[in-house]
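Read the structure below first, then the notes.
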Amino acid sequence: MFWKQRAAVWIREFLAGMLIGIGGMVFLACEPGSPPIGKYVGAVLFSVALSSILLLKLNLYTGMIGYVPEQNGKYAFDTVMSIVWNFAGAFLVGFLRPPVGNVCELCASRLEKSIPQILIDAFLCGILIFICVDVYKKKNNLIAVFLCVPTFILCGFEHSIADAFYFANAQMLANGRTVLFLLLVIVGNAAGGLLIPLLTKLSAYLSKQKNS
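By my numbering, the letter at position 17 of the sequence shown is numbered 17, and the numbering carries on one by one without gaps.
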């Protein structure tokens, strides 16, 4: 029974990673050789990944990490470790096809970012992904997905699972700089995802103290 439950979780995580990879692929396909509007179309179409993940109730690291403070030890551990199978799914999609569009240039430009800039861009992406998921959970509405996902894409923010797909598709994984980059993005995404829930709890606590 234990391993069946584990396998079910891993499958949901793996599929979430695959869907992010597909979202990244359609974004790349819309940009090269297209008119300027192409990147905007691609950014919007990337939303199919997160919207599908939410509707299918799949497990995405960046969508779950903001809820760690509310989880018990086991579920918090599962949330943190979901990145492994998310990456596996994204890697698979990346390896399935030769480099798409300008993915090699895109990855090279990412590796030129400074460490502080990587962390900042990942942090800001984490905030937007948390908003997407929280609005869907509370309102059963995908509107935030179709607003926040294009925002993080067009701003050049860093999403760890999407970046895993990009580097796999560009065949640039066997690189120490790539590994460091992905680790920094994972940390930045977590910090951004935790910001709103932690500050919300702090605000509620301070309000309660004031009233008492």
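Think of the CB as a built atom: it goes at the ideal place given N, C-alpha and C, for glycine as much as any other residue.
Query, Result
"Segment contact flag, the segment 164 to 173 with the segment 43 to 58, C-beta cutoff 8 Å, min 3 pairs", "no"
"Beta-carbon proximity of C122 to V185, cut-off 9 Å", "The sequence given here has Ala at residue 122, not Cys. The answer is yes: Cβ separation under 9 Å."
"N-terminal and C-terminal residue of the alpha helix (DSSP H) that G38 is part of", "37 to 45"
"Local conformation of A162 per DSSP, three classes", "helix"
"Three-state secondary structure (DSSP) of E105", "helix"
"Identity of the residue in G23, L195, K57, M1 nearest A68 by Cα", "One point to set straight first is that residue 68 is Val, not Ala, in the sequence displayed. Of the candidates G23, L195, K57, M1, the one whose C-alpha sits nearest the C-alpha of V68 is L195."
"Contact the segment 76 to 92 vs the segment 14 to 34: 3+ CB pairs below 8 Å", "yes"
"Whole-angstrom C-beta distance between G63 and V133, which should lie under 8 Å", "4 Å"
"Coarse secondary structure for R12, derived from DSSP in three states", "helix"
"Inter-residue spacing [alpha-carbon to alpha-carbon] between A88 and E112", "25 Å"
"Rounded C-alpha distance that separates F130 from W3", "30 Å"
"Buried/exposed call for E158, threshold 16 Cβ in 10 Å", "buried"
"Per-residue DSSP class, three states only, for N141", "coil"
"V149 vs L128 beta-carbon contact at 9 Å", "yes"
"Contact under 9 Å by Cβ, I143 with G188", "no"
"Close beta carbons around V145, own chain, < 6 Å, minus the five adjacent residues each side", "S47, L50, S51, C132"
"Alpha helix (DSSP H) runs wholly inside the segment 68 to 128, at least 4 long, in chain order", "73 to 96, 103 to 111"
"Buried/exposed call for R177, threshold 16 Cβ in 10 Å", "exposed"
"For G188, the three-state DSSP class (helix, strand or coil)", "helix"
"Contact set for K57: own chain, Cβ-Cβ below 8 Å, skip 5 residues either direction", "R12"
"Whole-Å CB distance - G126 paired with G24, under 8 Å assumed", "Incorrect: roughly 17 Å between the Cβ atoms, too far for contact."
"Member of F181, S207, N211, Y75 whose CA lies at the smallest distance from the CA of F107", "Looking at the sequence itself, residue 107 is Cys, so the reference to Phe does not match. Nearest option by C-alpha distance: F181."
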